[in-house]
Amino acid sequence: MEYIEKEKKELTGDFCRGCGYCMPCPAGIIINSCARMSLMVRRAPSASWLNEYWQENMKKIENCLHCNQCMKKCPYELNTPELLKKNYEDYKKILAGEVQV
Ligand code: SF4
Ligand code: SF4
Numbered sequence: 111m112e113y114i115e116k117e118k119k120e121l122t123g124d125f126c127r128g129c130g131y132c133m134p135c136p137a138g139i140i141i142n143s144c145a146r147m148s149l150m151v152r153r154a155p156s157a158s159w160l161n162e163y164w165q166e167n168m169k170k171i172e173n174c175l176h177c178n179q180c181m182k183k184c185p186y187e188l189n190t191p192e193l194l195k196k197n198y199e200d201y202k203k204i205l206a207g208e209v210q211v
């Protein structure tokens, strides 16, 4: 039950489903992967999400123009720029070894 409750918490509400309806992004951010990176590194083998390719792509979040195009197109009404920011902060902590996955 404890495990199911944890899963329910992670997979309800404000999480990116990876559908990609919000794309393309004018800043070149791969939103449908970057906005759910915190889940990907924890729910899939983490090494492939922590490589140079994804580090470079996550860094692009710094260039977000806050145009909100993505947010307007998200069928789940997510605050996509905010979600990207949160995932990026978590990602940096993981890379720095401050958070274990
Ligand atoms: S708000 Fe940021 S992430 Fe969203 S489309 Fe604009 S530049 Fe891309
Ligand atoms: S932010 Fe919304 S539209 Fe974009 S990939 Fe995630 S769930 Fe889909």
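One gets the numbering used here by counting positions in the sequence shown from 1 and adding 110 to each. For every residue, glycine included, the Cβ atom is placed at its ideal position computed from N, Cα and C.
Practice problem: Spatial neighbours of residue 203 within its chain, please: CB distance less than 8 Å, with the 5 preceding and 5 following residues excluded, ordered by chain position. | Solution: 209
Quiz prompt | residue 165: first and last residue of the uninterrupted alpha helix (DSSP H) it sits in | solution = 162–169
Quiz item: For ligand 1, any of its heavy atoms closer than 7 Å to the Cβ of residue 193?
Solution: no
Quiz item: Beta carbon of residue 132: closer than 7 Å to some heavy atom of ligand 2?
Solution: yes
Quiz item: Can you find at least 3 beta carbon pairs, one from the stretch 128–139 and one from the stretch 175–182, that sit closer than 8 Å?
Solution: yes
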